[in-house]
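Asks: Below are the structure tokens for one structure; questions will follow.
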Amino acid sequence: MKRIEINPMTRLEGHGKISIFLDDTGNVENAFFQTVELRGYERFLRGMPIEEVPRTVSTICGVCRGVHYTASVKAADSVYNVEPTPTARKIRELFLNAHYVEDHCAILYALGFPDFVAGPTASPAVRNLIGLIEIVGVETGRTVLKKRRSAVRILEMLGGRPIHPVAALPGGWSKRVTGEERQEILALSQDLVELGQMTLQVFDDVVLKNKGYMELVLGDIYKVVCNYAGTVDDRNRVQYYDGTQRIINAKGEEIGRFQGKGYLDFIAERVLPWSYLKMPYLKKIGWQGVEDGEASSLYCVGPLARFNVGSGYDTPLAQEAYEKMREALGKAPVHNILVYHWARAVELINAAEKVRQLAMDESITSDDIRAPLGEAVGEGVGIIEAVRGILIHHYKTDRRGIVEEANLIVATTHNKGPINVAVRRAAQSLIKDGKVDEGILNMVEMAYRPYDICLACATHTLPGRQPVQIDIYDSQGRNCQTLKNF
Amino acid sequence: MRTIVVGIGNPVLMDDCFGIKVAEQLNGIMETRVLSTTGFDVIDALLGYERAYIIDGVNTGGVKPGTIMELAPEDLMADLEFSGTHNLHLGAALHLGYRLFKGEMPREIKIFAVEVQDAVNFGMQCTPAVEAAITVVADRIKDLSGVSV
């Protein structure tokens with residue numbers, strides 16, 4: 001059996017690799033998405049006062065800083081048995097939605113669009129953001145980055161710092177929004193909405209109007225049939241900050257709903273010998289292996305899961321875009337994973353509209369930003385929809401609120417099973433008779449990019465360039481070549 | 487000349503906080519900014535300045551921990567592959583910044599990369615050799631920018 005590895009996985013946080021195993025005829029026998037990092041934050045948080053945790057977990061990843069921050073402060077609320085004031089909740093929602101805009105924008109333009117604009121088989125030299133700019137034009141690039149900057153400015157105002165925020169407190173928020181700040185955010189929100197409209201237009205022009213790309217988007221290569229989990233309100237509309245986590249099966253039927261600690265009734269994690277990352281599955285179905293299909297116990301989270309689980313969005317422009325998607329894709333759950341990018345574009349405008357709605361609400365400037373704390377109850381769960389999907393922070397503390405145990409389940413962990421299926425399917429479809437060229441390998445990598453993998457937080461270490469080793473095995477299983485970047 | 491000092495790193499991963507500590511030492515003397523990624527945020531931090539000093543840790547494995555390397559942007563631009571989902575590496579971010587905002591980017595950028603010993607384990611202090619380089623780099627920046635030491 002011949003072994004081929006794609007490593008490093010370009011444009012991903014942290015360190016991971018794909019190993020593809022070929023049989024004697026040169027066709028794909030199996031493929032694995034592997035990570036080689038160890039967990040660290042959960043241990044590091046032990047002994048820390050719960051109110052310090054949000055500021056610390058925001059350093060888990062420079063990109064995902066807002067979501068860990070928000071989930072952990074919700075857990076801290078729960079540890080202190082306190083509900084944040086309505087004003088604090090609005091500020092937190094504003095913060096999270098601004099984060100969605102800047103994050104989705106970066107993901108789409110740096111990750112998703114280059115594959116389509118430059119073409120999925122283009123050379124890596126042009127299939128990246130800089131190559132994208134050369135094709136769509138410098139002025140478009142300038143506009144995107146400037147409008148994204150408006151979202152970062154909002155985060156900076158609310159969070160107290162541009163990268164790792166400091167304002168969240170159990171029961172509230174430490175910094176009120178002044179009238180001047182509200183006006184500034186309102187003005188900036190116009191940039192965000194325009195960015196959302198522009199992004200939908202780019203997606204429309206580049207992907208939806210290209211017959212070849214749409215065949216790829218809706219074809220069987222990039223398709224994983226599994227269950228879905230996402231957060232909805234009482235009308236089943238997609239929510240990010242708070243709501244109920246709803247799970248549906250591959251046919252669209254509801255399996256269950258949970259909130260808070262209830263996740264333990266639905267999610268189990270299986271340790272796999274070939275990865276440090278555990279693979280979650282639905283407890284009620286039971287472990288069915290790393291296989292998709294209607295009997296699968298694997299589930300996925302993130303924009304496509306939210307699209308499938310929800311019945312729409314709670315803002316007008318996003319709802320309009322959702323209805324257009326539904327008209328094109330039908331009512332049943334969509335299993336085509338490149339649709340993730342489409343759902344991402346819809347969420348970008350949804351979040352932008354929510355920022356505008358929240359900034360229009362004058363009551364957000366109220367000074368009622370913190371509720372008094374109750375007694376520490378010793379346990380707290382905070383769940384939000386992170387940009388990449390359901391994020392769970394679960395802490396156990398002593399009576400003083402000092403963390404004794406921490407469990408963080410991030411989107412990339414939820415998605416690990418479907419990612420493996422996606423990579424295997426793409427590899428099997430694209431690699432035939434041992435023929436592997438760069439274009440095909442990129443199309444295999446396209447199978448994991450929709451999930452917007454953040455291995456940094458999935459494995460709880462920091463992002464950055466990691467040591468990479470490539471081992472190549474011949475058909476007899478012998479390691480015939482090793483490549484290193486260190 | 488309008489100058490910005492940009493320190494990049496993670497405050498809780500030992501030597502990875504080197505850039506942050508240099509920026510903190512210069513805070514109040516010069517305009518400073520702390521970042522934890524080398525993506526679009528770098529461009530945001532640099533726009534409107536004429537000169538920039540960027541400080542980050544580096545792990546070449548080829549020199550002793552604490553070794554200070556002074557680099558120009560072109561030294562980092564040979565490899566324009568992307569290192570993260572939405573996290574360009576520094577060379578790619580600077581390249582993108584110049585391509586999109588040529589007139590608004592600093593005319594002069596110097597990068598101080600300091601060889602790390604441990605940027606994996608948790609801790610808010612640098613290892614001794616890297617710690618010793620903090621003041622050296624801060625003084626060098628003050629010297630270069632004409633701020634009296």
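So the protein sequences, as listed, match chains A and B.
For the first sequence, the numbering used here gives the first residue as 1, with consecutive numbering after it.
For the second sequence, the numbering used here gives the first residue as 487, with consecutive numbering after it.
A virtual CB, placed ideally from N, CA and C, is assigned to each residue, including glycine.
As the structure is a computational prediction, the values presented were derived from the model and not from experiment.
Buried or exposed, going by whether 16 or more other CB atoms sit within 10 Å of the CB of V334 (chain A)?
Replies: V334 (chain A) is buried by the Cβ-count criterion.
Asks: So, at 8 Å on beta carbons, what are the nonlocal neighbours of V28 (chain A) in its own chain, with the 5 sequence-adjacent residues on each side left out?
Replies: Around V28 (chain A): I20, F21, L22, R424, A427, Q428, I431.
Asks: Which chain A residues are close to V508 (chain B), counting only those with a beta carbon under 8 Å from its beta carbon?
Replies: Per Cβ cutoff of 8 Å: no residues; V508 (chain B) is ~16 Å from chain A at best.
Asks: Taking DSSP as the reference, what is the three-state secondary structure of G493 (chain B)?
Replies: In this structure, G493 (chain B) counts as strand in the three-state DSSP scheme.
Asks: With H, G and I counted as helix, E and B as strand and the rest as coil, what does DSSP make of H164 (chain A)?
Replies: In this structure, H164 (chain A) counts as coil in the three-state DSSP scheme.
Asks: Near I135 (chain A), which residues of its chain fall below 7 Å by C-beta distance, leaving aside the five closest residues on each side in sequence?
Replies: So the list reads V117, A118, once near-sequence residues are dropped.
Asks: Using the DSSP secondary-structure output, state which residues sit across from T87 (chain A) in a beta bridge.
Replies: Answer by DSSP bridge pairing: none, since T87 (chain A) is not bridged.
Asks: I'd like to know if T553 (chain B) contacts chain A, where contact means its C-beta is closer than 8 Å to some C-beta of that chain.
Replies: It does not; no Cβ of chain A falls within 8 Å.
Asks: Go ahead and pull the three-state DSSP assignment for Q245 (chain A).
Replies: DSSP places Q245 (chain A) in strand when its eight states are reduced to three.
Asks: Closer than 8 Å, CB to CB, is T613 (chain B) near chain A or not?
Replies: No, T613 (chain B) does not count as interfacial toward chain A.
Asks: Determine the closest residue to V152 (chain A) out of B:R488, B:A531, B:V491, with distance taken between C-alpha atoms.
Replies: Answer by Cα proximity: B:A531.
Asks: Within the chosen definition, does the segment 367-385 of chain A reach the segment 180-189 of chain A through at least 3 CB pairs nearer than 8 Å?
Replies: No, the segment 367-385 of chain A does not touch the segment 180-189 of chain A.
Asks: I want to see whether chain A comes within less than 8 Å of L557 (chain B), judged by CB atoms only; does it?
Replies: Cβ-Cβ to chain A under 8 Å: no for L557 (chain B).
Asks: Grab me the residues of A332 (chain A)'s own chain with a C-beta within less than 6 Å of its C-beta, minus the 5 sequence neighbours each way, in chain order.
Replies: Excluding positions up to five away in sequence, the list reads G252.
Asks: Below 8 Å on the Cβ atoms is my contact criterion, and I expect P49 (chain A) with M446 (chain A) to pass it. Report the Cβ-Cβ distance as a whole number of Å.
Replies: That pair is no contact at about 44 Å.
Asks: Kindly indicate which three-state DSSP category S189 (chain A) falls into: helix, strand or coil?
Replies: In the structure shown, S189 (chain A) sits in a helix (DSSP, three-state: H, G or I).
Asks: What residue from A:G26, A:L45, A:T70, A:R370 has the CA that sits closest to Y241 (chain A)'s CA?
Replies: Of the listed residues, the one whose Cα sits closest to Y241 (chain A) is A:T70.
Asks: Find the residues of chain A that neighbour V498 (chain B), judging by a C-beta separation of less than 8 Å, and give them in chain order.
Replies: Going along chain A in sequence order, the residues near V498 (chain B) (Cβ under 8 Å) are F44, T56, T59.
Asks: Compare the C-beta of I529 (chain B) with all C-beta atoms of chain A and state if any pair is closer than 8 Å.
Replies: Cβ-Cβ to chain A under 8 Å: yes for I529 (chain B).
Asks: Is the CB of T518 (chain B) under 8 Å away from at least one CB in chain A?
Replies: With 8 Å as the cut-off, T518 (chain B) does not count as an interface residue toward chain A.
Asks: Would you tell me roughly how many angstroms separate the C-alpha atoms of K507 (chain B) and I620 (chain B), rounded to the nearest one?
Replies: Roughly 7 Å separates the two Cα atoms.
Asks: Using the rule of at least 16 other Cβ atoms within 10 Å of the residue's Cβ for burial, across every protein chain shown, is M487 (chain B) buried or exposed?
Replies: By the 10 Å Cβ count, M487 (chain B) comes out exposed.
Asks: Quick one: using the 10 Å Cβ neighbour count with 16 as the cut-off for buried, is T518 (chain B) buried or exposed?
Replies: It is buried - the Cβ of T518 (chain B) has at least 16 other Cβ atoms within 10 Å.
Asks: Using beta carbons (cut-off 8 Å, strictly below), is H164 (chain A) in contact with chain B?
Replies: So yes, H164 (chain A) belongs to the interface.
Asks: Note down, in chain order, each residue of its chain lying with its Cβ closer than 8 Å to the Cβ of L533 (chain B), except the 5 sequence neighbours on either side.
Replies: Within the same chain, L533 (chain B) has close Cβ partners G583, F587, E590, M591.
Asks: Can you give me, in chain order, the residues of the segment 145-160 of chain A that have a beta carbon less than 7 Å from any beta carbon in chain B?
Replies: Residues L145, R148, R149, V152.
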